[in-house]
Amino acid sequence: MHKIFTLGPLTLLLGIGFVMLTQHANAQKTTSHSPYSQFGLGQMREDLLPQSRSMGGISTGLRYQSGLATFNPANPASYSAFNRTILEAGLYGNITQLGKGSALNNTADFAFSHLAIGVPLGPKVGGIAFGLMPFSDVGYNSSQNVTLDAIQYSKTSNGEGGLNKAFFGYGISPIKGLSIGANAGLLFGSLSDISSITFPYSLEAYNTRYEESRLIRGLAVDYGTQYSSSLGNKLHLTVGYSGSLNNVVSNRTTITVSRTEASLDPDIQNIPLDTAFFKEYPSRDINLPLKHNVGFTLSKGYNWMVGADFKYTDWSNFQTREGEPALGKNYGFAVGGQFKPDVTSFRYWNIVDYRLGFRYNQTPVRFNNHNINDMAITVGLGLPLPETNFGRTFSRINISAEFGQQGTLNHNLVRERYININLGFTINDSWFIRRSLD
1 MHKIFTLGPL
11 TLLLGIGFVM
21 LTQHANAQKT
31 TSHSPYSQFG
41 LGQMREDLLP
51 QSRSMGGIST
61 GLRYQSGLAT
71 FNPANPASYS
81 AFNRTILEAG
91 LYGNITQLGK
101 GSALNNTADF
111 AFSHLAIGVP
121 LGPKVGGIAF
131 GLMPFSDVGY
141 NSSQNVTLDA
151 IQYSKTSNGE
161 GGLNKAFFGY
171 GISPIKGLSI
181 GANAGLLFGS
191 LSDISSITFP
201 YSLEAYNTRY
211 EESRLIRGLA
221 VDYGTQYSSS
231 LGNKLHLTVG
241 YSGSLNNVVS
251 NRTTITVSRT
261 EASLDPDIQN
271 IPLDTAFFKE
281 YPSRDINLPL
291 KHNVGFTLSK
301 GYNWMVGADF
311 KYTDWSNFQT
321 REGEPALGKN
331 YGFAVGGQFK
341 PDVTSFRYWN
351 IVDYRLGFRY
361 NQTPVRFNNH
371 NINDMAITVG
381 LGLPLPETNF
391 GRTFSRINIS
401 AEFGQQGTLN
411 HNLVRERYIN
421 INLGFTINDS
431 WFIRRSLD
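Dropping the structure here:
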């Protein structure tokens with residue numbers, strides 16, 4: 001008798017997804033259009049997948065959804081629950097309306113968002129996870145027309161780029177009910193801030209372009225713990241905590257000042273002429289802030305689940321550029337849940353997971369002496385697909401939408417209204433199948 005181990009249907013999707021996400025990471029495509037992304041490392045994306053985002057972003061106590069172990073990189077202690085190989089891949093898009101005074105501006109974008117895999121090692125050994133996800137985005141643009149001594153010129157400021165995180169994690173349950181885990185993530189990417197002065201009606205004038213580019217690399221470690229217990233015969237409670245170490249990453253800054261030439265063609269502007277100044281500064285270490293998250297989930301089998309999270313991060317000692325505005329403390333909470341109308345029904349829409357949530361954050365950004373707050377209502381669906389591979393493969397499409405607002409029109413601030421859409425594909429598969437042949 002011979003024993004053969006064969007790979008399941010994950011292999012092809014894994015290869016395609018890895019190529020797409022690698023191309024996205026190399027391109028440093030940003031999906032942010034927020035003026036507040038110019039502070040710190042930009043808009044933080046957090047380690048949340050669509051099934052968590054649709055419930056307000058609850059994640060610290062999230063371990064199971066609809067009776068199956070869920071992939072939850074926000075708390076690596078959850079990896080110990082893996083009993084099948086899990087593949088996660090997804091897309092992210094947003095629609096944003098920026099408002100200041102009576103002026104409005106609409107933008108939209110989308111990108112390939114994440115690819116991650118969780119692999120069970122055994123009930124007593126735990127599980128591992130690895131993947132690639134966005135860490136932060138920078139994307140803003142502002143302009144001002146100025147007239148001085150009858151000469152008109154334009155001042156523009158814009159930012160672009162982002163950071164990605166390639167991570168590897170491990171979780172184990174050393175004693176019944178208690179799980180611990182950790183992620184080690186490699187942060188990499190570049191953030192650029194560009195200022196320009198152009199003379200659109202004077203072809204003889206030289207325009208000036210100032211670019212400050214920050215290349216960031218480093219290892220970031222986060223950890224978590226969860227405790228799960230049954231309450232009676234039907235209810236299940238999981239409480240969790242997750243946090244980070246005092247992580248240090250390197251930042252290498254390059255400043256380039258160049259002269260550019262105007263053009264009558266609106267599609268071809270700021271033609272580079274020469275470099276007036278170039279300096280590459282030595283790498284210096286920057287400390288990422290410590291983060292602390294606590295939360296819980298309460299569930300009843302396949303039928304429903306509710307939960308809440310509280311999050312705190314202190315950015316007040318964080319600085320990547322000399323003289324940049326100081327950041328503050330970040331507080332946030334999230335509540336949410338999901339329900340399935342009838343798990344035994346033959347009607348499709350009765351076995352769909354319906355999700356709802358709310359989140360609120362006092363961001364670390366303080367502008368014009370006012371805190372910038374962010375809040376959103378979240379909704380989502382978990383759409384099951386037919387079982388395949390003789391019942392060994394369970395697939396699901398997860399859709400989430402966040403309807404939110406950051407900032408306000410008061411105090412001469414920018415109000416940002418947005419709709420964030422996340423589309424995720426989840427495959428739970430018996431990846432390595434043991435067969436016997438006579």
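So the sequence shown is numbered by this note's numbering: it starts at 1 and just counts up by one. Just so it is clear, CB atoms sit at the ideal spot from N, CA and C, and this is done for glycine as well.
Should residue i go down as buried or exposed, given a rule of 16 or more other Cβ atoms within 10 Å for buried?
i, result
"S143", "exposed"
"I427", "buried"
"Y201", "exposed"
"L41", "buried"
"A27", "Model confidence at A27 stands at a pLDDT of 49, short of 50, so the residue's coordinates are unreliable and nothing is read from them."
"W349", "exposed"
"G424", "buried"
"A116", "buried"
"D47", "buried"
"Y140", "buried"
"P411", "Here residue 411 turns out to be His, not Pro, going by the sequence shown. So H411 ends up on the exposed side."
"S299", "buried"
"A326", "exposed"
By DSSP, does residue i sit in helix, in strand, or in coil?
i, result
"I421", "strand"
"N94", "strand"
"N83", "coil"
"N412", "helix"
"R209", "strand"
"N444", "Limits of the chain in this structure are 1 at one end and 438 at the other, which puts residue 444 out of reach."
"N369", "coil"
"N361", "strand"
"W304", "strand"
"S66", "coil"
"N350", "helix"
"A77", "helix"
"T60", "coil"
"P439", "What the structure shows of the chain is the stretch from 1 to 438, and residue 439 is not part of that stretch, so it cannot be assessed."
The alpha helix (DSSP H) spanning residue i covers which residue range?
i, result
"Q38", "Segment: none, Q38 is in no alpha helix (DSSP H) and carries neither H nor E."
Among the options, which residue has its Cα nearest to the Cα of residue i?
i, options, result
"N330", "Y312, S242 and E261", "Y312"
"G118", "S78, A103, N293 and S299", "S78"
"T208", "L191, Y348, E261 and Q338", "E261"
"N422", "F333, N94 and P73", "N94"
"S250", "S37, L413, Y302 and T320", "T320"
"P384", "E322, L413 and Y302", "Y302"
"L356", "G380, Y227 and P341", "G380"
"T254", "S190, G90 and N371", "S190"
"P174", "E416, T408 and G122", "G122"
"S316", "F339, G295, I286 and L148", "I286"
At which residues does the beta strand (DSSP E) containing residue i begin and terminate?
i, result
"P120", "A103 to G122"
"R284", "R284 to N287"
"R53", "R53 -> not in any beta strand (DSSP E); alpha helix (DSSP H) instead, spanning P50 to R53."
"K329", "K329 to F339"
"D137", "G126 to D137"
"L245", "That residue, L245, is in no beta strand (DSSP E); it is neither H nor E in DSSP."
"V453", "Only positions 1 to 438 of the chain appear in this structure, which leaves residue 453 out of reach."
"S190", "L178 to T198"
If contacts are defined as beta-carbon pairs under 8 Å, then residue i and residue j qualify, I think. What distance do you get, rounded to the angstrom?
i, j, result
"T256", "E211", "5 Å"
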